């Protein structure tokens, strides 16, 4: 396309996050926020405090991930006897019941996705802070996937909400949600905000001019 | 996204790597992607407004059905329990777990409703060449709802719950569950026919 790459920032342009309108960086560098002329959203050259905000949310998610996995997400009470389920034991139960395909789906959504998301966001943050030059395009794709796939971890929470709505036969069987469910939901929401706080353009800002 | 420059070209910055692109205005069905990081820049849709409005109106009807009719019936030892889409939310609140109640309410009912109503509020007047009051913030909110409306995830949660209970009891799906499934499809279709750039451009053209 061109011999050298020019970014909007290098051309003194801000691209609006909501409507993509390009506008000039305001001449007066005041602390008051700039507003997009077309859609009235606040505009910034890069997401404000992207790294520290993403780190803070990510660390909170790491901490909450511990109770999310140790505490029961729900307890099935049948004829007075309770059986507590954690995220992992729910998956095991599905495997024992011979429902392998759905067990894989739940395993992927509730365990693989949250762990991978934490690891990937940590890696992306470190790669930006250490000014990595390695495969920026692949790192951007990694970010894109992380942002899209995160919400699917909510499966377990929704499953519990269906179960407590259906199974409420006092003496015979009831289901009680546990504190693990709240921690787990918090992990999912916080990592979603962490992914939103990260600005993939920082990956590219570090790239030394080549070609 | 664009600033008109000479000779009918548009200048667009990539959302993910900030690279500037100079492109020709797209024709219907064409897509532009970033030459450096591969992110989508702009996809122009054919008859975007009409298609999106039709699909969103269909979604609105299905949304009402999904909320009014029974979602599922559970039968065990002769006892029958009927639940609605909102029953899980009520049960969470009854148990004092309002955090989860709010979360499920927001993801399965509130954000989908806001998205459908917001979309119609902006698109229908624009199609008739009128700019509704506060069109820009409303349309920005519609885009935000995208992430937090999780009906597709919810339906997968339903499937897992049904599989877990299948051995224990008899489950009879209600009208709402079919409406809910169809709603996911019509809303996804509405998303794919929506051309946000066309909406922003039209808003800009109208006073």
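Chains as they are written, first to last, in the working numbering: chain A, 3 to 213; chain B, 106 to 312.
Where is the CB? At the ideal position from N, CA and C, for every residue including glycine.
Since we're looking at a predicted model, the values are computed, not measured.
query: Residue 88 of chain A (DSSP reduced to helix, strand or coil); result: coil
query: Cβ-based burial, residue 107 of chain B [other Cβ within 10 Å; buried from 16]; result: Annotation note: pLDDT 48 at residue 107 of chain B (below 50); position unreliable, no value reported.
query: Nearest-angstrom Cβ-Cβ length linking residue 104 of chain A and residue 265 of chain B, presumed shorter than 8 Å; result: 6 Å
query: Integer Cβ distance of residue 186 of chain A from residue 89 of chain A, believed to fall under 8 Å; result: 6 Å
query: Segment limits, alpha helix (DSSP H) that includes residue 287 of chain B; result: 280–298
query: Members of the region 140–161 of chain B near chain A, C-beta cut-off 9 Å; result: 140, 141, 142, 143, 144, 146, 147
query: Cβ of residue 165 of chain A within 8 Å of any chain B Cβ; result: yes
query: Inter-residue spacing [alpha-carbon to alpha-carbon] between residue 130 of chain B and residue 111 of chain A; result: 40 Å
query: Rounded straight-line distance, which links the Cα of residue 52 of chain A to that of residue 130 of chain A; result: 11 Å
query: Interface flag, residue 148 of chain A vs chain B, CB-CB below 8 Å; result: no
query: Under 7 Å by beta carbon: chain A residues contacting residue 255 of chain B; result: 153, 156
query: Sufficient close CB pairs (3 or more, under 8 Å) joining the region 156–173 of chain A to the region 187–205 of chain B; result: yes
query: Residue 22 of chain A burial status per 10 Å Cβ neighbour count (16 or more: buried); result: buried
query: Same chain, Cβ closer than 6 Å to residue 36 of chain A, neighbours up to 5 away in sequence not counted; result: 28, 45
query: Uninterrupted beta strand (DSSP E) stretches inside the region 43–112 of chain A (no shorter than 3 residues); result: 76–80, 83–87
query: Alpha helix (DSSP H) runs contained entirely in the region 111–194 of chain B, provided each spans 4 or more residues; result: 153–173
query: Cβ neighbour criterion (16 or more within 10 Å) applied to residue 311 of chain B; result: exposed
query: Residue 148 of chain A versus residue 197 of chain A - alpha carbon distance; result: 7 Å
query: Residues near residue 237 of chain B in its chain [Cβ-Cβ closer than 7 Å; skip 5 each side]; result: 226, 227, 230
query: Residues that residue 122 of chain B contacts on chain A, provided the C-beta gap is smaller than 8 Å; result: 9, 138, 142, 202, 203, 205, 206
query: Where residue 138 of chain A falls: helix, strand or coil (DSSP); result: helix
query: Chain A contact for residue 186 of chain B (CB, 8 Å cutoff); result: yes
query: Beta-carbon proximity of residue 139 of chain A to residue 142 of chain B, cut-off 8 Å; result: yes
query: Best match in B/175, B/233, B/139 for proximity to residue 277 of chain B [C-alpha to C-alpha]; result: B/175
query: 9 Å Cβ cut-off: residues of chain A touching residue 204 of chain B; result: 184, 187, 188
query: Contact set between residue 182 of chain B and chain A, taken where Cβ atoms lie within less than 9 Å; result: 171, 174
query: C-beta contact flag for residue 182 of chain A and residue 75 of chain A at 8 Å; result: yes
query: Min CB distance residue 199 of chain A to chain B below 8 Å; result: no
query: When A/13, A/12, A/8, A/20 are compared against residue 250 of chain B, the one with the closest alpha-carbon; result: A/20
query: For residue 189 of chain A, three-class secondary structure by DSSP; result: helix
query: Enclosing beta strand (DSSP E) for residue 203 of chain A [first to last residue]; result: That residue, residue 203 of chain A, is in no beta strand (DSSP E); its alpha helix (DSSP H) goes 203–207.
query: Exposure of residue 145 of chain A, with buried meaning 16 or more beta-carbon neighbours within 10 Å; result: buried
query: Three-state class that DSSP yields for residue 13 of chain A in the structure shown; result: coil
query: is_contact[residue 245 of chain B, chain A] using C-beta, thresh 8 Å; result: yes
query: Rounded separation between residue 69 of chain A and residue 55 of chain A - CA only; result: 23 Å
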